[in-house]
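Remarks on the structure that follows.
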Amino acid sequence: MNSGELAGTVALITGSSRGIGRQTALLFAERGATVVLNGRNEAKLAETAELLRSRGYSATSVTADVTNADQCRAMITRVIAQHGRLDILVNNAGISMRGAFAQLDPGVIESVSRTNLLGAALPARFAVEAIIEARGSIVFVSSLAGVRGFAGVSIYSAAKMALTGLAEALHAELAPSGVHVGVVFVAFTENDPDKTVMGVDGAPVRVSRKASTTQRQVAEEILRTIVRRRRKSYMTAAGKYLVFMQRHFPRITDAVILRSRGRIHGTFLL
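Our numbering runs 1085 ahead of the 1-based position in the sequence shown.
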């Protein structure tokens, strides 16, 4: 790849104050994009913006809750007002959960669903006209749990599967206008030290398992998906194997996962 492959583009990355989003912002800036950061925590957004600027990159930030339609509309309006265009939207904001479905507090079901589905659909809805004008890209960051449901992550898996349906529908609607729509299915990725997921009661739970991919590797896959205009990208050899088995040997896959009694899912989850 050439170092300036995103030169001249404006890229909005949701959930970019930390983690995968922050690494994606850094990589995009390295490749020439003007980066717009998004998140709900102003202090962390400011830290990330300053990090980019300290390395000589152009970066602005917009504090907004991507599950709020009015805030999403205002965010996109501000991006266009400041930069005159929007070429790339990476829907990265999301939240995971752990726990048996029968024990889930209804608030967890609602929160995980809203953040992972509405939190991607709403920014895309308000950005779509600008993306059409730019013949640009909309990318959804999903999970291998969006390929196959696993015990203990029911609502997270359902929401990530819904992203695939949304992406396929948007491809059907927007491809004639020259817009690329892609999904990146992420495996279990290294976490920031303070990373948590939602427990059955909504309380934060720390995740300490060894990751199969780094945040930088995920960012690089997101970049490849955009540059090569891929519709679907699956991370890790284990992830690709899961997709192959699920597609061609679903009954065997089901039997293996049932026998694992939930142990196998840690390899595949974001």
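Even for Gly, the Cβ is constructed at its ideal location relative to N, Cα and C. None of these values were measured; they are calculated from a predicted model.
Exercise for the section: Quick one: residues in its chain with C-beta nearer than 8 Å to the C-beta of Gln-1300, no 5 flanking neighbours on either side, listed in chain order? Expected result: Counted from its first residue, the sequence shown places residue 1300 at position 215. Excluding positions up to five away in sequence, the list reads Gly-1104, Ile-1105, Arg-1107, Gln-1108, Thr-1274 and Glu-1275.
Exercise for the section: Closer than 6 Å by C-beta to Val-1120: which residues in its own chain qualify, once you throw out the five before and the five after it? Chain order, please. Expected result: Your numbering for residue 1120 matches position 35 in the sequence shown. Correct list, in chain order: Ala-1096, Ala-1110, Phe-1113, Ala-1114 and Ala-1144.
Exercise for the section: Just tell me which of Ser-1102, Ala-1118, Gly-1100 and Thr-1099 has its CA closest to the CA of Val-1312. Expected result: Working through the sequence shown from its first residue, we reach residue 1312 at position 227. Checked all of Ser-1102, Ala-1118, Gly-1100 and Thr-1099; the closest Cα to Val-1312 is Ala-1118.
Practice task
Indicate the three-state DSSP secondary structure (helix, strand or coil) for Ala-1096 in the structure shown.
Solution key: Along the sequence shown, one-based indexing puts residue 1096 at 11. Ala-1096: strand per DSSP, three-state reduction.
Problem - Proximity of Phe-1225 and Val-1268 at Cβ, strictly below 8 Å - result: Start at 1 with the first residue of the sequence shown, and residue 1225 comes out as number 140. Start at 1 with the first residue of the sequence shown, and residue 1268 comes out as number 183. Contact flag set, yes.
Exercise for the section: Mind reading off the beta-carbon distance from Ile-1307 to Val-1264? Whole number of angstroms is fine, and I expect it under 8 Å. Expected result: Your numbering for residue 1307 matches position 222 in the sequence shown. Your numbering for residue 1264 matches position 179 in the sequence shown. Wrong, their Cβ atoms sit about 17 Å apart, outside the cutoff.
Problem - Cβ pair Ser-1381, Ile-1240 closer than 8 Å - result: Nothing in the structure corresponds to residue 1381, since the chain is present only between 1086 and 1355.
Exercise for the section: Taking all protein chains shown into account, decide if Asp-1155 is buried (16 or more other Cβ within 10 angstroms of its Cβ) or exposed. Expected result: Numbered from its first residue, the sequence shown carries residue 1155 at position 70. Looking at its Cβ environment, which holds fewer than 16 other Cβ atoms inside 10 Å, Asp-1155 is exposed.
Problem - Cα-Cα separation, Lys-1129 to Val-1164 - result: For this step, residue 1129 is matched to residue 44 along the sequence shown. For this step, residue 1164 is matched to residue 79 along the sequence shown. Cα to Cα, the separation comes out at about 19 Å.
Practice task
Would you tell me roughly how many angstroms separate the C-alpha atoms of Val-1266 and Asp-1286, rounded to the nearest one?
Solution key: Taking the sequence shown and counting its residues from 1, one reaches residue 1266 at position 181. Taking the sequence shown and counting its residues from 1, one reaches residue 1286 at position 201. Roughly 35 Å between the two C-alpha positions.
Exercise for the section: For Ile-1337, name the three-state secondary structure that DSSP assigns. Expected result: Here the question's residue 1337 lines up with position 252 in the sequence shown. Reduced to three states, the DSSP call for Ile-1337 is helix.
Exercise for the section: Ignore the nearest five residues each way along the sequence and tell me which others in Leu-1091's own chain have a CB closer than 7 Å to its CB. Expected result: Along the sequence shown, read from residue 1 onward, the residue named residue 1091 stands at position 6. Only Phe-1113, Arg-1116, Gly-1117 and Ala-1118 meet the Cβ criterion.
Handout entry: Outcome for Cys-1157 when other beta-carbon atoms lying within 10 angstroms are tallied against a minimum of 16
Key = The count along the sequence shown starts at 1 and reaches residue 1157 at position 72. Label assigned to Cys-1157: buried.
Practice task
Could you tell me the distance, in whole angstroms, from the CA atom of Ala-1260 to the CA atom of Ile-1216?
Solution key: Numbered from its first residue, the sequence shown carries residue 1260 at position 175. Numbered from its first residue, the sequence shown carries residue 1216 at position 131. Straight-line Cα distance between these residues: approximately 11 Å.
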